[in-house]
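Enquirer: Our numbering numbers the first residue of the sequence shown as 1319 and each following residue consecutively.
Even glycine gets a Cβ: it sits at the ideal position worked out from N, Cα and C.
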Amino acid sequence: YAGAEGLRRGGYVLADSSGGLPELILIATGSEIHPALEAFEKLRAEGRRVRLVNLASWEIFERQPRPYREEVLPPGVRARLSVEAAATQGWEKYTGGAGKALGIDRFGASAPGKVLLEKFGFTAENIYREAIILLDELNAAEPQPRAELDTEERG
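(1) Using a Cβ-Cβ distance under 9 Å, would L1332 count as near chain D?
(2) Examine the Cβ distances between the region 1391-1403 and the region 1413-1422 and report whether three or more of them are shorter than 8 Å.
(3) Considering only the beta carbon of each residue, do I1351 and V1368 sit closer than 9 Å?
(4) Three-state secondary structure (DSSP) at L1345?
(5) To the nearest angstrom, how far is it from the Cα of S1335 to the Cα of E1380?
(6) Taking the beta strand (DSSP E) that V1331 belongs to, which residues open and close that run?
(7) Do A1405 and G1417 have their CB atoms nearer than 9 Å?
(8) Might you give, ordered along the chain, the residues of its own chain that have their beta carbon closer than 8 Å to the beta carbon of G1324, omitting 5 neighbours on each side?
(9) Could you pull the start and end residues of the beta strand (DSSP E) that V1368 belongs to?
(10) For the alpha helix (DSSP H) that contains L1355, what are its first and last residues?
(11) Can you grab the Cα-Cα spacing for the pair R1326 / T1347, in whole Å?
(12) Tell me the residue span of the beta strand (DSSP E) that contains A1419.
(13) Within its chain, find whatever has a CB closer than 6 Å to the CB of S1375; leave out the 5 residues flanking it on each side and keep chain order.
(14) Buried or exposed: which applies to E1443, given that a residue is buried once 16 or more other Cβ atoms fall within 10 Å of its Cβ?
(15) Going by the DSSP bridge assignment, what does V1401 pair with across the sheet?
(16) Whose C-alpha, out of D1454, L1355, R1362, is nearest the C-alpha of G1337?
So this is what it looks like as structure tokens:
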């Protein structure tokens, strides 16, 4: 895994699969890094090309040169799942139109922290499940190549 020195840039690749461009990027912050890392490991063990980005500070990340930001979050990767135990507002800038934000968009829940994290889905298993759902949805939406019709007359 990458060291935390990337924090000075606001965001960095914490863990990456080999094999080229990732098919999925998990983006997490703070306490959500650990369950996201567990989900990353499970996805990678299944042969998925996945990247985990620690995006600790949007403000600092936005001050980085565009090539760096695009290296961390390649524009060609549509499957992006952000994970933050806070409002999802603003995450669309990083998840894009095809991605998803796992967060809390309601007010008023009260319970021990661990109970709330489980209730709102901030577990490794749920992050993994949401990632698979996102990949399946995007794969289903991709146009399938059409078979060429054999137009030759057969005799």
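Expert: Taking the definition as stated:
(1) Here chain D cannot be found, since the structure has a single protein chain.
(2) The region 1391-1403 is in contact with the region 1413-1422.
(3) In this structure, the beta-carbon distance from I1351 to V1368 does not fall below 9 Å.
(4) It is worth fixing the name first, because residue 1345 is Ile in this sequence and not Leu. Three-state result, I1345: strand.
(5) Just so you know, the alpha carbons of S1335 and E1380 end up roughly 25 Å apart.
(6) Segment 1330-1334, the beta strand (DSSP E) holding V1331.
(7) For A1405 and G1417, no; Cβs fall outside 9 Å.
(8) Correct list, in chain order: Y1330, V1331, L1332, N1372.
(9) From DSSP, the beta strand (DSSP E) with V1368 extends over 1368-1372.
(10) 1351-1363 is the extent of the alpha helix (DSSP H) around L1355.
(11) Just so you know, the alpha carbons of R1326 and T1347 end up roughly 14 Å apart.
(12) Note, A1419: beta strand (DSSP E), 1418-1420.
(13) Same-chain partners within the cutoff: G1328.
(14) Flag for E1443 reads exposed.
(15) For V1401, which the question treats as bridged, DSSP gives the partners A1346, L1420.
(16) Considering only alpha carbons, the answer is R1362.
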